[in-house]
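Residue numbers (our numbering): 5 to 74.
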């Protein structure tokens, strides 16, 4: 939190912003840690592979959350 305004910052926030910026309209992209956290909750993912993110030395594994047919 920055001065009580509710601003968030840090490595995780920066990574999430960089991953989100790579998404096309209607896409949800997440890091592998998110996929692991929701394991067993019936979410479907497409592996988008290792992705270079500005400000991060190592590539990050990124997954697309797949839409489930109703």
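C-beta: ideal position from N, C-alpha, C; glycine also.
Option nearest residue i by Cα separation, candidates the options
{"i": "residue 64", "options": "15, 36, 16", "result": "36"}
{"i": "residue 62", "options": "9, 19, 26", "result": "19"}
Euclidean distance between Cα positions of residue i and residue j
{"i": "residue 75", "j": "residue 72", "result": "The question about residue 75 has no answer, for the chain in this structure spans 5 to 74."}
{"i": "residue 44", "j": "residue 50", "result": "16 Å"}
{"i": "residue 47", "j": "residue 34", "result": "12 Å"}
{"i": "residue 52", "j": "residue 22", "result": "14 Å"}
{"i": "residue 56", "j": "residue 15", "result": "15 Å"}
{"i": "residue 60", "j": "residue 13", "result": "15 Å"}
Residue i, DSSP secondary structure in three states
{"i": "residue 48", "result": "strand"}
{"i": "residue 24", "result": "helix"}
Rounded distance between the beta-carbons of residue j and residue i, thought under 8 Å
{"i": "residue 32", "j": "residue 69", "result": "4 Å"}
beta-carbon residue i near the ligand MG non-hydrogen atom, thresh 8 Å
{"i": "residue 73", "result": "Among the components modelled here there is no ligand, and therefore nothing to report on the ligand MG."}
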